[in-house]
Amino acid sequence: MPTTLDTTRFGTYGGTFAPETLMAPLFELDREWKRWTNDAAFQAELADLLANFAGRPTALTHAKRLSKELGCELWLKREDLLHTGAHKLNNTLGQCLLAQRMGKRRVVAETGAGQHGVASATACALLGLECVVYMGSVDAARQRMNVLRMELLGATVRVVEHGQKTLKDAINEAMRAWVADPTETHYALGSVLGPHPFPSIVAGFQEVIGREARKEFHARTGKLPDVVVACVGGGSNAIGIFRPFLPDAAVELVGVEAGGLGVGKGQQHAARFAGGEPGVLHGCYTYLLQDDDGQIRPTHSISAGLDYPAVGPEHAMLHDEQRARYAWATDDEALRGFEVLAEREGILCALESAHAVGWVLRERAELAGKRVLVNLSGRGDKDLDTIAAARRAKDGA
Amino acid sequence: MSAVDKLELRLRALRSTGRKGIAPYVTAGDGGSAVTLAVLRELADLDVPCVELGLPFSDPIADGPLLQAANDRALATGTTFEEVLEILSRFRRGGPGEMGRDLPVIVMSYANPLVRRGWANAVNALARAGADGLLVADLPIEEAGAMHAAARAAGIAPIFFVAPTTSEQRTTTAIQLSRGFVYAIGRLGVTGARTELDEPAQAFLSRVRRVAGGLPVAVGFGITSAEDVSAALRHADLAIVGSAFVEHVHQAVSQAVAPRKLDAARLATREFLQVLASGVPG
Ligand SMILES: Cc1ncc(COP(=O)(O)O)c(C=O)c1O
């Protein structure tokens, strides 16, 4: 029996649980990714795009009013300022450049919040690739501005009508599309999920967030943060900011999942570490929300980007090793995080990112006196409909 | 005789007599357990070489819309792992006046429902209920160590896939690890959509046939008509018919009134197999 190289795993998590037809394309991707990430010209081209097209480095903002109010020192890594409005572009520029080097002419992607879809459509427009984005109909409705943006960027949006009609079902369809045409098509997965090598590829392209943040934080304060906080959907913005801090044992890493309507029994949420157990979904072994029979459980989050039943396998490892801690924030706590950041700091952040802010607000006692770095993964324009509706519902109640 | 021996004896006999056959796929619990049982019994009467029994899963990424819908219907009727075991053991016990059924049954699953129970537990339970083989859609040979060991220990056949994209070396390994037969995916894509087993596909199947030596070869994904069966059986021993069969039975059952559903399932099964049988050579 051929043995799997350990590089396909994070501890016992990860792996390559893919249909046979995808094995050769995954091997090819693994080879090409290793080749091009060691290629100076490829790296230079990516660095140029990140700087002069996407707008890196992104700012590091000291949130002074909120710091004073909370009694901690709060800093924000501003991925919301990246072109297209979220960290997702770091990954799609890398993957689409890779797809181009591999001679692919078409890119398929899934999207939940629409940010990865927009970032894929953007990178494809820039590099002259055809782009098809799968999106659940529930998400297409709640993030309709992003559907329009993708279409204006020349992408085809395929709305997925089955299952829960959210991110999980969009990934099912994108994988099916890749199985049908693995030679001409690259599947640009949007988070640190799926079969090897995707979790490693995506983490590699997102690490730039943490590298910049660590360096800039140290330059500005002469110290490292005590706590680094990021929201966790699949986990790409979190891994991106966590990785460069992993060797700094004193820096606490906190991932915030979607607590939805509450994480108690019978309540709907997407907090995999609060209510999940290890299993296999979408190509990897990791923590999943599932029932006793191994069927995937429905999830709920006010933010489409966190509304997914599995978490990236590297997070599963960091969780078990207790190198990172995983918490959650409910829909209401995220809304509160959004409002407070808007009113005190003049930033409308994405509802995904607002979960990290909401957690900081709730845990202010524990965080008192500490240096806290929050990864603000995206901006909130896409969520204004949802937020307005939630406020109306609250006023009406 | 172990289940593997029974399966191999039966399929190798088929091969040595030059007889080839159709192996239907059924989603367990689609239409309810009684319908699945009726279909299995009809298939046993029709003396097909073997049948694939699908364990329903919420996220079947290798399947097209027809089988996704069948999985959803089966889950909606409450088809659990235990229920699939129950269907299998009832089939094995036989109905009133029936002989114990010796039709080989290959269970086809996705990894998670089995991982959930632990490979050894799940595979032993399937073997005890009367399964002869196991095929897992998202479990390539690299990840199959525990499944393979559990299947061999329980005396059922581990079966692996090869696809047109599979390298020579992995084809050889998949064949070495498989018992009963090896499953060749006839074309790129998910189950269901129409396929045409054109020249490149035939070249692939003939390569698999050569490497497989004495091990029977099954071909599946998109076989819907007698012509497809005939093309599939040019190089392969078994033509696996999934979506088209499942959909045909589903239509018949959902159009029948309640007391007639089981008869409708049996009749639809018989009709469908008769139409496809004209594609089976001599
Ligand atoms: C702004 C923003 N943050 C976070 C996420 C969640 O993804 P991840 O956990 O991979 O960072 C998304 C996903 O759509 C997003 O749009």
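Sequences listed follow chains A and B, in order.
Under this note's numbering, think of the first position of the first sequence as 1, with each following residue one higher.
Under this note's numbering, think of the first position of the second sequence as 1001, with each following residue one higher.
Virtual Cβ for every residue (Gly too), placed ideally from N, Cα, C.
Environment of residue i [buried if 16+ CB atoms lie within 10 Å]
i: D1138 of chain B; result: buried
i: Q1274 of chain B; result: exposed
i: P1024 of chain B; result: buried
i: H282 of chain A; result: buried
i: H218 of chain A; result: exposed
i: Q115 of chain A; result: buried
i: A1252 of chain B; result: buried
i: T16 of chain A; result: buried
i: T8 of chain A; result: buried
i: P1200 of chain B; result: exposed
i: D1263 of chain B; result: exposed
i: E366 of chain A; result: exposed
i: L384 of chain A; result: exposed
i: G396 of chain A; result: exposed
i: N237 of chain A; result: buried
i: L1009 of chain B; result: exposed
i: E1143 of chain B; result: buried
i: P309 of chain A; result: buried
For residue i, the first and last residue of its enclosing beta strand (DSSP E)
i: H1248 of chain B; result: Note, H1248 of chain B: premise wrong, no beta strand (DSSP E); alpha helix (DSSP H) at 1243-1255.
i: T286 of chain A; result: 284-288
i: T476 of chain A; result: No information on residue 476 of chain A is available, as it lies outside the stretch 1 to 397 that chain A covers here.
i: V1208 of chain B; result: That residue, V1208 of chain B, is in no beta strand (DSSP E); its alpha helix (DSSP H) goes 1199-1212.
i: R105 of chain A; result: Where R105 of chain A is concerned, there is no enclosing beta strand (DSSP E), given that its DSSP letter is neither H nor E.
i: E1052 of chain B; result: 1051-1054
i: E252 of chain A; result: 252-260
i: R65 of chain A; result: R65 of chain A -> not in any beta strand (DSSP E); alpha helix (DSSP H) instead, spanning 64-70.
i: R158 of chain A; result: 156-160
i: T1027 of chain B; result: 1021-1027
Residue-level contact to chain A via CB, residue i, 8 Å cutoff
i: V1219 of chain B; result: no
i: E1196 of chain B; result: no
i: R1116 of chain B; result: yes
i: N1121 of chain B; result: no
i: S1178 of chain B; result: no
i: L1075 of chain B; result: yes
i: V1004 of chain B; result: no
i: G1100 of chain B; result: The pLDDT assigned to G1100 of chain B is 49, lower than 50, so where the model puts this residue is not dependable; a value taken from the coordinates is nonetheless given after this. No, G1100 of chain B does not count as interfacial toward chain A.
i: N1124 of chain B; result: no
i: E1143 of chain B; result: yes
Neighbourhood of residue i by C-beta distance below 8 Å, restricted to the same chain and skipping five residues each side
i: M1147 of chain B; result: L1114, W1119, V1123, L1134, V1136, L1139, P1158
i: R1092 of chain B; result: G1100, R1101, A1129, G1130
i: P182 of chain A; result: T21, L22, A24, P25
i: I1087 of chain B; result: A1028, G1029, S1033, T1036, L1037, L1040, L1053
i: E184 of chain A; result: K104, R105, R106
Continuous alpha helix (DSSP H) stretch holding residue i: start and end
i: T1171 of chain B; result: 1168-1177
i: C124 of chain A; result: 115-127
i: H355 of chain A; result: 351-362
i: N90 of chain A; result: 88-101
i: L152 of chain A; result: 144-152
i: K34 of chain A; result: 23-37
Beta-carbon contacts of residue i that lie in its chain and below 7 Å, excluding the five residues immediately before and after
i: V1229 of chain B; result: I1022, I1223, A1239, L1276, G1279, V1280
i: D169 of chain A; result: G136, V160, H162, G163
i: R1170 of chain B; result: I1141
i: T1269 of chain B; result: V1039, E1042, L1043, V1249
i: G1064 of chain B; result: V1190, T1191, G1192, A1193, S1243
Interface flag, residue i vs chain B, CB-CB below 8 Å
i: R176 of chain A; result: yes
i: F273 of chain A; result: no
i: K165 of chain A; result: no
i: M23 of chain A; result: yes
i: Q34 of chain A; result: The amino acid occupying residue 34 of chain A in the given sequence is Lys; Gln does not appear at that position. Output row for K34 of chain A: interface = no.
i: E20 of chain A; result: yes
i: K104 of chain A; result: no
i: I302 of chain A; result: no
i: D139 of chain A; result: no
i: G279 of chain A; result: yes
i: N172 of chain A; result: yes
i: V179 of chain A; result: yes
i: D293 of chain A; result: yes
i: H162 of chain A; result: yes
i: P313 of chain A; result: no
Same chain, Cβ closer than 6 Å to residue i, neighbours up to 5 away in sequence not counted
i: R31 of chain A; result: none
* **Length at least 4, wholly inside the region 163-244 of chain A: the alpha helix (DSSP H) runs in chain order** => 167-180, 198-221, 236-242
* What runs of the beta strand (DSSP E), each 3 residues or longer, lie entirely inside the region 280-349 of chain A? -> 284-288, 324-330
* Unbroken stretches of the alpha helix (DSSP H), 4 residues or longer, contained in the region 1075-1148 of chain B -> 1081-1093, 1111-1117, 1119-1129
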